[in-house]
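See below:
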């Protein structure tokens, strides 16, 4: 069972709508409503107007019907706000349910020691503890999260990532972490359990997407306080209107005082109910969109922080470049034919199964038609690459052919009594300056030439960096390459800065320097040596293929293990902030328009001059009800915007602010005028038809 359908399904499914409708009614509990101050005021107002309506009907008041309808639509306002939150939660629950189905309580073979031939006992995966060793063989499920301590195997992780392609997991290195619920397809693994029962990665994923640990983010709390403060001001202002109205009627000697129902309607229409009703849904939807990108966030705080990030630390390999260097050209030494260089380069690469080695064989075949030989007939003995020698090659009788790092091969030539020609040394430097990687080829004491390997910069990455720059985000490439190579790749990719020959300490130091200058930093990592920097970064995305230490240090985990996902994470965070800002602007602008709909009507009998403010020409008997109906319906119409998010555009902050004010500010000002007028006309037509 994969999470793909749950993550990429329709915005509204029948199951989600049915569940959300019931949850919207359950959320009418006072304990639920008090968490949202704005909507709690509407909730209390609905109760007050309902009591007044019941009393008016009991005494046969001629305004009873109007009061009943206002009460009904006030309740709808509360229910629609609950519905928005319930739909957002429902999408998370659907994703969580899909993940929960993939979790299995499997049988596990617990080992006495970390040896395959050790004594075993069968137990349930729920009985495993941190530090236990288990043996998992082909076609068996991994019982819990852990680290591979022995073995190499292909693993099906589709239950977690939604992707069907298997991945390799092995002991040591950065691909030793395994996740409970995934299946071993071949060979075997001995795994040391690292998670306690109920605290596995899958358990944490389910809790995150259900919103159980979402909490409110600092910006959300700050906005909530602002909205609550604005609501209190409106409440105090409206509360003074009734005694003022009574006094004015007595002084004027005509008209009637404003009723409590009208004042509650005025209050509800003036406070920011639109954003108040959608605020929680926006936050939950932001986390859901992160899940749709196959990224699990540990909290809503880090999703929001991603939107505020202004420095990105990006690994070169796999993020900026394709990850596999390719042979691009042969550069022979003076007096050496290019075909001889290609022949020797291919001979030394025939057993090299790395992408670079295969590309050398392919280039020799392409440019000179050199095909593979019968190495057994040539009495060839291959010399594998090692970190110490930094060379590989082949020995054929007395001939010794070597290929590797320029300085290592140069030493080999000198040890044989030869010397590397000056033009070849200059060629090595030139390739490095252009961002390539030079591999020197030698036969015995003679330097034959240089193979130029090129890092292939990903297509479109330069434009993405330009988009980030326009948004005020600084991109920094981190690589272990030498400064010349790093500078060339950085220039080709269009990053703002680079760090060459980077060590874990230098990454940590760089992050602290940026944070000390007031910047927010995001980075990715997968190895244990990345853990300190990940723990320091404001937004840290660990690869799912990475080590347990990297996952625990990060606040986000990318299930696809795609280093470029960091850019999508930042864009998703930006979209969350843009959506919240846009709907807040729309809500405040709405309130201004609703002011002109209600105030003139409420006080027109006492102050006929206020009729001049009735610029919409609303019917005095239905204007308040029209405004209340619009106030409720606009929440429904904006639910898709809150869930999908405002469309992300890579623009500077000043331009985004301007567009936000023009589209959502001006739109929020105009929409109520048209909407309230239309509702008023429809109510008038319906009333006329009913009485007729």
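Residue numbers (our numbering): 17 to 708. Cβ atoms here follow ideal geometry from the backbone N, Cα and C, with glycine treated the same way.
*Kindly give me the distance between the Cβ atoms of residue 158 and residue 197, rounded to whole angstroms, as I take these residues to be in contact under 8 Å.*
About 7 Å separates the two Cβ atoms, so the contact holds.
*asked:* Between the alpha carbons of residue 526 and residue 191, how many angstroms are there, rounded?
replied: Spanning the alpha carbons of residue 526 and residue 191 requires a straight line of approximately 26 Å.
*residue 591 and residue 662 look like a contact to me (Cβ under 8 Å); what is the Cβ gap, rounded to whole Å?*
Rounded, the Cβ-Cβ distance is 7 Å, consistent with contact.
_Beta-carbon separation (whole angstroms), residue 90 vs residue 65, contact threshold 8 Å_ = Rounded, the Cβ-Cβ distance is 6 Å, consistent with contact.
*Nearest-angstrom Cβ-Cβ length linking residue 716 and residue 582, presumed shorter than 8 Å*: Outside the shown range of the chain (17 to 708) lies residue 716, about which nothing can therefore be said.
_Would residue 600 and residue 300 qualify as a contact pair, given that the criterion is a beta-carbon distance under 8 Å?_
Taking a C-beta distance under 8 Å as the contact criterion, residue 600 and residue 300 do not qualify as a contact pair.
*So what does DSSP say about residue 331, is it helix, strand or coil?*
In the structure shown, residue 331 sits in a strand (DSSP, three-state: E or B).
*Report the rounded CA-to-CA distance for residue 100 versus residue 36, giving the unit in angstroms.*
Using only the alpha carbons, I get a separation of about 8 Å.
*Rounded C-alpha distance that separates residue 236 from residue 85*: So the two alpha carbons sit approximately 33 Å from each other.
*asked:* Comparing C-alpha positions only, which one of 361, 128, 56 sits nearest to residue 374?
replied: Put simply, of 361, 128, 56 the residue whose alpha carbon is nearest the alpha carbon of residue 374 is 361.
*Span separating the alpha-carbon of residue 25 from that of residue 32*: Caution is warranted here: a pLDDT of 45 is assigned to residue 25, below 50, making its placement in the model unreliable, and no coordinate value can be reported.
*By how many angstroms is the C-alpha of residue 154 removed from the C-alpha of residue 199?*
Residue 199 and residue 154: Cα-Cα distance of roughly 8 Å.
*Look up residue 484 in the DSSP assignment and say whether it is helix, strand or coil.*
Three-state result, residue 484: helix.
*Are residue 163 and residue 430 close, meaning C-beta to C-beta below 8 Å?*
Cβ distance not < 8 Å, so residue 163 and residue 430 don't count as in contact.
_Need the endpoints of the beta strand (DSSP E) that residue 162 sits in, please._
Counting along the chain, the beta strand (DSSP E) containing residue 162 begins and ends at 162-166.
*asked:* Need the endpoints of the beta strand (DSSP E) that residue 347 sits in, please.
replied: Secondary structure note for residue 347: its beta strand (DSSP E) is the uninterrupted segment 342-348.
*C-beta atoms of residue 555 and residue 585 nearer than 8 Å*: For residue 555 and residue 585, yes; Cβs fall inside 8 Å.
*Over what stretch of residues does the beta strand (DSSP E) that includes residue 411 continue unbroken?*
Residues 407-412.
*asked:* As an exercise, report each continuous alpha helix (DSSP H) stretch of at least 4 residues that is fully enclosed by the region 528-560, in chain order.
replied: If we require 4 residues or more, the alpha helix (DSSP H) runs fully inside the region 528-560 come out as 547-552.
*Give the DSSP-derived three-state secondary structure of residue 10 in the structure shown.*
No answer is possible for residue 10: it lies beyond the span of the chain, which begins at 17 and ends at 708.
*Same chain only: Cβ atoms within 7 Å of residue 96, ignoring 5 sequence neighbours per side*: Its chain contains 293, 648, 651, 652 as the residues whose beta carbon lies nearer than 7 Å to that of residue 96, once the 5 sequence neighbours on both sides are disregarded; these appear in chain order.
*Return the first residue and the last residue of the beta strand (DSSP E) that residue 490 is part of.*
From DSSP, the beta strand (DSSP E) with residue 490 extends over 490-494.
_Closer than 8 Å is the cut-off here; do at least three beta carbon pairs connect the region 504-516 with the region 296-310?_
They do not touch, by the three-pair rule.
_Less than 6 Å between C-beta atoms, sequence neighbours within five positions excluded: which residues of the same chain meet that for residue 251?_
Answer for residue 251: no residue qualifies.
_I need the DSSP call for residue 228, collapsed to helix, strand or coil._
Below a pLDDT of 50, predicted positions are generally treated as unreliable, and residue 228, at 44, falls in that range; no measurement from the model is reported.
*Any idea if residue 229 is buried or exposed, counting beta-carbon neighbours within 10 angstroms, 16 or more meaning buried?*
Because residue 229 carries a pLDDT of 48, less than 50, the predicted location of this residue cannot be relied on, and the following value inherits that uncertainty. Counting Cβ neighbours within 10 Å, residue 229 comes out exposed, since fewer than 16 surround it.
*With residue 136 as the anchor, note down where its alpha helix (DSSP H) starts and where it stops.*
Per DSSP, residue 136 belongs to no alpha helix (DSSP H); it is in the beta strand (DSSP E), 136-140.
*Along the beta strand (DSSP E) that carries residue 395, what are the first and last residues, could you check?*
First-last for residue 395: undefined, no H or E at that position.
*Are there 16 or more other CB atoms within 10 angstroms of the CB of residue 260, so buried, or fewer, so exposed?*
A residue is called buried when at least 16 other Cβ atoms come within 10 angstroms of its Cβ; residue 260 does not meet this threshold and is exposed.
_Cβ-based neighbour list, residue 692, same chain, cut-off 6 Å, excluding 5 preceding and 5 following_ = Closer than 6 Å at the Cβ level, and outside the excluded window around residue 692, lie 613, 642, 643, 646.
*In whole angstroms, what separates the C-alpha of residue 138 from that of residue 459?*
Across the structure, residue 138 and residue 459 are spaced so that their CA atoms are roughly 58 Å apart.
*Just to confirm, are residue 617 and residue 634 a CB contact at a threshold of 8 Å?*
Cβ atoms of residue 617 and residue 634: closer than 8 Å.
*Could you check what DSSP says for residue 699 in three-state terms: helix, strand or coil?*
Residue 699 carries a helical assignment under DSSP once its states are collapsed to helix, strand and coil.
*asked:* Just verifying my parser: in three-state terms, what is the DSSP assignment at residue 204?
replied: Note: residue 204 maps to strand in three-state DSSP.
*If you check the beta carbons only, do residue 437 and residue 350 fall under 8 Å apart?*
The criterion of a C-beta distance shorter than 8 Å is satisfied by residue 437 and residue 350.
*Find the nearest neighbour of residue 385 within the set 136, 80, 359, judged by alpha-carbon distance.*
Sorting 136, 80, 359 by C-alpha distance to the C-alpha of residue 385 places 359 at the top.
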